[in-house]
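Written below as structure tokens is the structure these notes are about.
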Amino acid sequence: MQAINGTTDLYLIPGDPIANVRVPRMFNAVFERFGIDAVMVPTRVAARDLAVFLKASFLARNLKGMVIAPPHKPLIVSLLDGCGLFGRVAGSVNIVRRLDNGELEGDLFDGEGLVHALDYYNIPFRGKRVLVLGAGVSAAAIGVALAEGGTVDGAEHIAFYDPVAGKAIGLATQLDSFFDATAVSVDSSDPAGYDLVVNASQAGLLPGDPLACDVSRMEPHAALFDILLRGQPTPLVQAVRARGLNAQAGFEMLIQQMPNYLDYFGYGAAANAVRHDMRFLRDQIYPEAMRDEISAPLRYHSASVA
């Protein structure tokens, strides 16, 4: 474990609750591995105190940045001096840094993490039809990343379903006005007709809950990505795998953001090294039930059958 002293740079991850956050484990593993004199610490901050906390924390000159945990991602945007495109469109950020002039700027890498994770597993999404279950902060980030590449480098058709009236149509309308990909809201979680299903909701997480969608209706070639971290493999992931289809848990979405985080904080050499070797990060956060998948990831094959 690295020593913490007067020269150590500090990074915080505010959230509420904060007990189960995994990002500090990964950052501190990177700092130790590459001899970076820095540490990341989780901080439990209530939403009502967030504005004061953000401004006051950055008065500390050795505080270099923050990674933002739920539920604070959408609350941070209005407190910043600048924000990247993904953060502006999605209305949330998951990272903040202080510039040399003292201004605070943020960005959003959740969606890019998903796209990189899909590529890691060879799951097709470019030019495909995607159903996103949920229309909250995470779904917005995912939608932006899937749509940003246009209909060739991104998804061709993105449908959002959320049981809360108005949420899906509001998100779809916003994305459809920014990007070439078709973004629509749908009134059903039926996965039939889609090449990829992304679960960005909490549905089906508790024992006895119905699954987020009827997996028996998924196409024989379809895949599923469940962005949840808690309780993996979830009943949804297990049910899709039981059909012989490719289904992935959310850990890789988190891991694949690390190079983006490191670049954003100015650690370019560490970012490049992590891109070439992420095994040590997987060791930090994969649960015991899925550790075999670190060495033998269950990648998508076009011959997947139901």
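Using the working numbering, the first residue of the sequence shown is number 28, and each one after it goes up by one.
Beta carbons are placed, not taken as given, at the ideal position from N, Cα and C, and that holds for glycine.
Per DSSP, Arg71 is one residue of the beta strand (DSSP E) stretching across Ala65 to Arg71. Rounded to the nearest whole angstrom, the CA to CA distance from Ile31 to Glu279 is 29 Å.
Looking at Ala182, Leu112, Phe187 and Asp76, the one whose alpha-carbon comes closest to that of Arg153 is Ala182.
Around the beta-carbon of Phe252, 16 or more other beta-carbon atoms lie within 10 Å, marking it buried.
Within the DSSP secondary-structure output, Tyr188 pairs in a beta bridge with Leu160.
Sequence-distant Cβ neighbours of Leu131 in its own chain, meaning closer than 7 Å and more than five residues away, are Phe85, Leu107, Asp108, Val123 and Arg125. Residue burial is scored here from C-beta neighbours: Thr200 has fewer than 16 other C-beta atoms within 10 angstroms and is therefore classed as exposed. In this structure, DSSP gives Val224 an extended state, which the three-state scheme calls strand.
With a cut-off of 8 Å on Cβ pairs, the stretch 283 to 300 is not in contact with the stretch 206 to 214, counting fewer than three such pairs.
In this structure, the CA atom of Asp137 is about 10 Å from the CA atom of Val164.
Inter-segment contact for the stretch 52 to 64 and the stretch 86 to 93 is absent: fewer than three beta-carbon pairs are separated by less than 8 Å. For the options Glu139, Lys100 and Ser105, the alpha carbon positioned closest to that of Val120 is the one of Lys100.
In the three-state DSSP reduction, Met317 falls in the helix class (H, G or I). Pro314 is classed as exposed because its beta carbon has fewer than 16 other beta carbons within 10 Å across all chains shown. Distance check between Met67 and each of Tyr38, Leu158 and Asn128 places Tyr38 closest, using alpha-carbon atoms only. Listed in chain order, the beta strand (DSSP E) runs fully inside the stretch 109 to 156 are 122 to 125 and 131 to 134, counting runs of at least 3 residues.
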